[in-house]
Amino acid sequence: MGEKTTAAIYSGNGQKISEVNQTEYPNSVGLFYSAITAFLGFEVNEGEYKVMGMAAYGEPKYERQMSRLFTLFDDGSFELDQSLFEFSNPNGVPYSNEFISQFGPAREAETIFDPEGRENADHRIIAESKFYADIAASAQKATEHVIKHITTAALRITDNTNLCMAGGVALNSVANGLLRQNPDISLFVQPESGDAGTALGAAYAKYVEISNLRPKWMFDVSLGYEA
Numbered sequence: 070m071g072e073k074t075t076a077a078i079y080s081g082n083g084q085k086i087s088e089v090n091q092t093e094y095p096n097s098v099g100l101f102y103s104a105i106t107a108f109l110g111f112e113v114n115e116g117e118y119k120v121m122g123m124a125a126y127g128e129p130k131y132e133r134q135m136s137r138l139f140t141l142f143d144d145g146s147f148e149l150d151q152s153l154f155e156f157s158n159p160n161g162v163p164y165s166n167e168f169i170s171q172f173g174p175a176r177e178a179e180t181i182f183d184p185e186g187r188e189n190a191d192h193r194i195i196a197e198s199k200f201y202a203d204i205a206a207s208a209q210k211a212t213e214h215v216i217k218h219i220t221t222a223a224l225r226i227t228d229n230t231n232l233c234m235a236g237g238v239a240l241n242s243v244a245n246g247l248l249r250q251n252p253d254i255s256l257f258v259q260p261e262s263g264d265a266g267t268a269l270g271a272a273y274a275k276y277v278e279i280s281n282l283r284p285k286w287m288f289d290v291s292l293g294y295e296a
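Residue 296 is where the sequence shown ends in my numbering, and the numbering goes up by one at each step.
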């Protein structure tokens, strides 16, 4: 999220970029995924990639239940059921007791994860590992569903086939891989999709404003001295 915006659709035409719509805090795909990260015992803003990796070991048994937490609108915006989350509590976990009531106890950090059931793991560890892998897989599928909703709406509303994405959620390579399967979409993901990319975008925006010229195409991220 930014100051208050958690998702936004923009339309680019030549040197002009115009806002189409936005979704505001606390409705956020990124905060949802971070809550799942904390629930699974990983560090928020650091361990989200581990959730994506854990998802590969599970089955999306709770996909429908998690997808129902999102209310999707035709313009690509959405709302997230806040009764299951505690995003405004900096000293606590970002999920509520209602989330635990619906999905079970959170995984303690640093506990053993052994979904394949190796001989050195007892039955309790194997069962817990499979359960948390299923939670990860379900959250991943729900995230993919919302990303598809936003991007489909963006392309429809702007009457475009060129899709550019940025932000932490845009680094979900599994979801991006699904988008790339659509032959009608030309997909570009800003590689520096975190906070540092905001500075880069601000510099580009000011450059265009001052020079009235478009920046050069970014073909790779090797922006330092040529070897």
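We put the CB at the ideal spot given by N, CA and C, even for glycine.
Could you check which residue in the options has the C-alpha nearest to that of residue i?
{"i": "residue 73", "options": "100, 80, 81", "result": "100"}
{"i": "residue 264", "options": "252, 238, 248", "result": "238"}
{"i": "residue 84", "options": "140, 295, 280, 291", "result": "280"}
{"i": "residue 160", "options": "267, 107, 221", "result": "107"}
{"i": "residue 134", "options": "209, 278, 289, 276", "result": "209"}
{"i": "residue 289", "options": "200, 259, 272, 278", "result": "259"}
{"i": "residue 206", "options": "96, 98, 105, 93", "result": "105"}
{"i": "residue 149", "options": "252, 92, 171, 166", "result": "92"}
{"i": "residue 169", "options": "198, 154, 96, 273", "result": "154"}
{"i": "residue 214", "options": "286, 293, 145", "result": "145"}
Leaving out the 5 sequence neighbours to the left and right, which residues in its chain are closer than 6 Å to residue i when beta-carbon positions are compared?
{"i": "residue 178", "result": "110"}
{"i": "residue 80", "result": "87, 89, 227"}
Looking only at its chain, what residues have a beta carbon closer than 8 Å to the beta carbon of residue i, apart from the 5 residues adjacent to it on each side?
{"i": "residue 103", "result": "113, 114, 117, 163"}
{"i": "residue 195", "result": "183, 184, 186"}
{"i": "residue 143", "result": "222"}
{"i": "residue 212", "result": "98, 101, 102, 238, 241, 244"}
{"i": "residue 224", "result": "230, 232, 254"}
In whole angstroms, what separates the C-alpha of residue i from that of residue j?
{"i": "residue 257", "j": "residue 247", "result": "13 Å"}
{"i": "residue 216", "j": "residue 204", "result": "18 Å"}
{"i": "residue 126", "j": "residue 192", "result": "17 Å"}
Could you give the DSSP three-state label for residue i: helix, strand or coil?
{"i": "residue 250", "result": "coil"}
{"i": "residue 177", "result": "coil"}
{"i": "residue 75", "result": "strand"}
{"i": "residue 231", "result": "strand"}
Going along the chain, which residues of its own chain have a beta-carbon closer than 7 Å to the beta-carbon of residue i, five neighbours each way excluded?
{"i": "residue 269", "result": "261"}
Output yes if chain C places a C-beta closer than 8 Å to the C-beta of residue i; else output no.
{"i": "residue 93", "result": "Here there is only one protein chain, and chain C is not present."}
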